[in-house]
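Chemist:
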Amino acid sequence: MVDGLVGTGGEPESSDSLRTFGAVVQALREHAGLSREEFGALVRFSKHTVASVEQGRRMPDPEFVERAEEVLGNTGALRKAAGHLGRQPGLAAWFRHWARLEAVAISLYTYECRVMPGLLQTAAYARAVSLSVPPIPDEEELNERVAARLARQELLSARRKPPCAFSFIIEQAVLERHTGGEEVTHELLDHLLEVIDQHWNVEVQIMPLRQPVHAGLDGPLRLLETPENQWFAYSEGQENGRLISDPKEISVLQQRYAKLRSQALTPEDSRGLLERMRGAL
1 MVDGLVGTGG
11 EPESSDSLRT
21 FGAVVQALRE
31 HAGLSREEFG
41 ALVRFSKHTV
51 ASVEQGRRMP
61 DPEFVERAEE
71 VLGNTGALRK
81 AAGHLGRQPG
91 LAAWFRHWAR
101 LEAVAISLYT
111 YECRVMPGLL
121 QTAAYARAVS
131 LSVPPIPDEE
141 ELNERVAARL
151 ARQELLSARR
161 KPPCAFSFII
171 EQAVLERHTG
181 GEEVTHELLD
191 HLLEVIDQHW
201 NVEVQIMPLR
211 QPVHAGLDGP
221 LRLLETPENQ
231 WFAYSEGQEN
241 GRLISDPKEI
251 SVLQQRYAKL
261 RSQALTPEDS
271 RGLLERMRGA
281 L
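Just so we're aligned: the sequence shown equals residues 1 to 281 in our numbering.
#1: Checking the sheet assignment: what are the DSSP bridge partners for T110?
#2: Classify A147 as buried or exposed, calling it buried when 16 or more other Cβ atoms lie within 10 Å of its own Cβ.
#3: Need the endpoints of the alpha helix (DSSP H) that N143 sits in, please.
#4: Can you tell me which of P135, E154, R58, T122 puts its alpha carbon nearest to the alpha carbon of E102?
#5: For the alpha helix (DSSP H) that contains A105, what are its first and last residues?
#6: Pull up the distance between the alpha-carbon of R159 and that of D61, whole angstroms please.
#7: Out of E70, A99, A68, E69, which has the shortest C-alpha to C-alpha gap to G241?
#8: Please return the same chain residues whose Cβ sits closer than 7 Å to the Cβ of E37, not counting the five positions on each side in sequence.
#9: Should the segment 62-79 be called in touch with the segment 102-121, which here means at least 3 C-beta pairs below 8 Å?
#10: Is the beta carbon of L221 less than 8 Å from the beta carbon of L253?
#11: Just checking my contact of L273 with L281 at CB under 8 Å: how many whole Å lie between their CB atoms?
#12: Do you know offhand how far R152's Cα is from V133's?
#13: Quick one, are the C-beta atoms of Y125 and V184 less than 8 Å apart?
#14: Output the distance between the C-alpha atoms of A180 and L189, rounded to the nearest integer angstrom.
#15: Going by DSSP, what residue range makes up the alpha helix (DSSP H) through F64?
#16: Does DSSP put E37 in a helix, a strand or coil?
#17: Does A27 pass the burial test, meaning 16 or more other C-beta atoms within 10 Å, or should it be called exposed?
#18: Please check the pair L260 and G219, which I expect to be a contact at CB under 8 Å, by giving their CB distance rounded to whole angstroms.
#19: Using DSSP's beta-bridge definition, name the partner residues of Y292.
#20: What separation, rounded to the nearest whole angstrom, lies between the Cα atoms of D246 and A23?
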């Protein structure tokens with residue numbers, strides 16, 4: 001289980017609103033005589049992102065909605081439809097308090113050594129992760145789980161008031177694993193580079209495979225800061241999670257995250273590594 005999403009026995013909400021919004025985008029695009037690739041170029045999102053939105057597998061970014069409106073006639077239909085999208089994905093009960101804090105956070109730090117953080121996953125990658133960990137979900141549950149994970153990516157928008165500053169430190173091994181295969185990994189690398197390019201509030205650092213001194217050996221780490229400048233941390237294991245508010249514990253975790261930042265590649269070098277990895281596929 002990753003990012004608190006429910007597995008078997010959970011309570012996923014319906015993703016009908018995402019599928020309906022996607023169908024409206026597709027209908028308007030086709031009426032305009034545009035292929036997904038042509039439309040993607042006009043709205044400055046990849047054709048893979050367009051496909052994910054149209055198929056109801058991804059919550060559209062506010063930038064996507066605004067640019068799509070401009071390209072498709074400024075009818076206001078997409079803006080109004082976006083207002084009815086489900087904002088709360090199907091989350092495990094123990095994760096919901098953290099999810100509420102995420103929605104208003106002004107800083108969010110994530111170190112991950114197992115899988116790509118949910119906020120940076122593609123639909124195909126999320127499906128591959130869900131299908132890798134027993135028990136295997138049925139098709140309906142899988143679709144709900146993936147839609148829930150992607151819906152949370154709305155949090156990355158810099159249009160939030162106040163905007164949130166994101167820092168992600170990701171082990172290179174997570175990408176080298178090629179979860180889902182080479183095609184899924186290539187799309188994931190494209191998506192990561194797209195997020196870096198289009199979100200000034202998102203910083204991504206890669207922890208290299210060889211790092212003899214490593215502050216993250218105790219596992220994944222997440223920290224956030226509220227608008228009141230209060231800090232919380234979150235620790236997640238198999239089928240459970242723990243919200244941390246004790247200042248002494250948080251101080252230790254902040255020290256570890258600061259050390260991880262100094263040990264990982266710089267954002268610029270990380271971007272270069274991602275480009276080289278993409279080119280090698």
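Just so it is clear, CB atoms sit at the ideal spot from N, CA and C, and this is done for glycine as well.
Modeler: Let me spell this out:
#1: F168, R222
#2: buried
#3: 139-151
#4: When each option's Cα is compared against that of E102, the closest is E154.
#5: Segment: none, A105 is in no alpha helix (DSSP H) and carries neither H nor E.
#6: 10 Å
#7: With distances taken between Cα atoms, G241 lies closest to A99.
#8: K47
#9: no
#10: yes
#11: Their Cβ separation, rounded to whole angstroms, is 13 Å, which puts L273 and L281 out of contact at 8 Å.
#12: 21 Å
#13: Yes, the Cβ-Cβ distance between Y125 and V184 is below 8 Å.
#14: Checking the displayed sequence, the identity of residue 180 turns out to be Gly instead of Ala. The straight-line gap from Cα to Cα measures roughly 13 Å.
#15: 62-71
#16: DSSP places E37 in helix when its eight states are reduced to three.
#17: Per the 10 Å Cβ criterion, exposed.
#18: Not really, about 12 Å apart at Cβ, beyond 8 Å.
#19: The requested residue 292 does not occur in the structure, where the chain is confined to residues 1 to 281.
#20: 46 Å
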